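Have a look at the structure below, then the notes.
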Amino acid sequence: MSTGNQEYIRDMNRALVLEAIANHPPLSRADLAKMLHLTKATVSTIVQELLDRQLVIELGSAEKTSMGRKPILLTFNNRCGSIIAVDLGVKKITILTGDLKGKSCTVKEYPIDPSLSLEEYLISLLHKTKSDLPKTPCGLVGISIGIYGVVCDDLVLFTPYYDLKHSNLKNYLEEEFQVPVIVENEANLSVIGEAACAEHFKNMIFLNIHEGVGMGILIDGELYTGQNGYAGEFGHTILFPDGRPCPCGNHGCLEQYISEAAVLNDFAAAEGLENVSVERFIQYYQEGSPNARKVMQDFTHYIGISLNTVLHTFNPDVIVINSSFTNYIPGLIDEITSGIQNRLRWYLHVLPAHLQDVSVLMGGISLCSRNFLGISTFKLLDL
């Protein structure tokens, strides 16, 4: 066998062992050999390497079930390194720091500073965040950036609400911080985060409704982004031909009617207000405001139409909705699904997002961890 083939098999076996320990702890060396159909000698060599790199730690001895020595149990050392995950929002930048399992997290929010370019401001925040990280054996192992727009192969192609079009943010940040950087659409990160932490479905649609409307698509456990990264730009499908103008250049786009910004603007206009916050709107709704009820009625109707389209197009195991309205108004998801009047409604499974506003960030943690460890499957927190 050639040296190249030997190295490939060794790398593949190392990834299998590490993935098993990371996702199914605690395991003994004998457990790993039996689970992965590897020799005990191969497993012992790989485990020693992982112990030396401090990716794996020994927990102690398990209960003895037969004659001989008690097996030593192994688990993943999630504190071997740190990750910085960024949600690059339209009005604020949210930064999460955590270990490789998404534990020991700290989240901070920063309003957008219009006096600085977005890249300059982001770099200054990342430097500050990095300086506050705890010391770990592997240090900072990755940075993820969630973008509100179209991203293909880490290159930003389109951003309707801030100026990052054609920005090679990945190379810019990797040169500055000397660590791997992942740049991805925020809805894509959200579906990855939800799948890694909460909803372990193979086929999932994640609708992120905020300033715009994004859709993350998971098919057979893999993220689907289309040929050029435009898959999932659900907010820019046409709901009303010749309707409201959209920054994408079209008219009548879905997000001009169901995004948080659109709903709040419609309510403020009906009430004669200059603007209104999500919290204040929900208070109006709970107090029985006719205008708030009418705006929410339109919201649930349009969402229902959207879900009907998603169901017929993808027929997923589950559709997860992340919106301040569905997260904080009880029964709203039931109202949405009950408005769908066709025989396929019974195959429609809609759930609220478990991770809510941190789904983008936890998706970034998941991708950075998998990239650093060289494994394809990595479970984070079970919620």
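Sequence positions in the sequence shown follow our numbering and run 1 to 383. Cβ coordinates follow ideal geometry from the N, Cα and C atoms, glycine included. On a predicted model such as this, the values are computed, not experimentally measured, just so you know.
Looking only at its chain, what residues have a beta carbon closer than 7 Å to the beta carbon of residue i, apart from the 5 residues adjacent to it on each side?
| i | result |
| --- | --- |
| L16 | L36 |
| T136 | R79, C80, G81, S82 |
| E233 | V150 |
| F299 | I258, V263, F325 |
| L125 | I93, I95, Y110 |
| T159 | I147, Y148, G149, K165 |
Check residue i in the structure and name its three-state DSSP category.
| i | result |
| --- | --- |
| I83 | strand |
| E228 | It is worth fixing the name first, because residue 228 is Asn in this sequence and not Glu. Reduced to three states, the DSSP call for N228 is coil. |
| N250 | coil |
| I182 | strand |
| S61 | strand |
| V90 | coil |
| G364 | helix |
| F177 | helix |
| I112 | coil |
| F378 | coil |
| S28 | strand |
| C138 | coil |
| S448 | No answer is possible for residue 448: it lies beyond the span of the chain, which begins at 1 and ends at 383. |
| L211 | A small correction: the amino acid at residue 211 is Glu; Leu does not occupy that position in the sequence shown. If DSSP states are grouped into helix, strand and coil, E211 belongs with coil. |
| F314 | helix |
| N168 | coil |
Measure the beta-carbon distance from residue i to residue j and round it to whole angstroms, keeping in mind my assumption that it falls under 8 Å.
| i | j | result |
| --- | --- | --- |
| L59 | L74 | 7 Å |
| L373 | I182 | At roughly 14 Å, the Cβ-Cβ gap does not stay under 8 Å, so L373 and I182 are not in contact. |
| E19 | T237 | Their Cβ separation, rounded to whole angstroms, is 37 Å, which puts E19 and T237 out of contact at 8 Å. |
| I336 | L307 | 7 Å |
| A292 | F325 | Actually they do not touch by this definition, with Cβ atoms about 10 Å apart. |
| S167 | V156 | 5 Å |
| F206 | N322 | 7 Å |
| Y285 | I329 | 7 Å |
| N203 | I219 | 6 Å |
| F76 | A22 | 4 Å |
| A195 | I217 | Not quite, the Cβ-Cβ distance comes to about 11 Å (not below 8 Å), so this is no contact. |
| V107 | V358 | 7 Å |
| G364 | A85 | 3 Å |
For residue i, which residues from the same chain have a beta carbon less than 6 Å from its beta carbon, with the 5 sequence-adjacent residues on both sides left out?
| i | result |
| --- | --- |
| A262 | Q256 |
| C152 | N228, G229 |
| D154 | K170, V183 |
Report all residues from its chain with a CB closer than 8 Å to the CB of residue i; omit the five preceding and five following residues, and keep chain order.
| i | result |
| --- | --- |
| I72 | S28, R29, E58, L59, G60, S61, A62 |
* Would you check if the region 233-244 and the region 266-283 touch, i.e. whether three or more CB-CB distances between them fall below 8 Å? => Verdict: no, contact absent.
* Would you be able to state if there are at least three C-beta pairs under 8 Å between the region 36-54 and the region 95-104? => no
* Contained alpha helix (DSSP H) runs [length at least 4] in the region 262-303, N- to C-terminal order -> 278-286
* Give a yes or no on contact between the region 274-290 and the region 314-321, applying the rule of three or more CB pairs nearer than 8 Å. => no
* Inspect the CB distances between the region 203-220 and the region 184-191 and report whether three or more fall short of 8 Å. => yes
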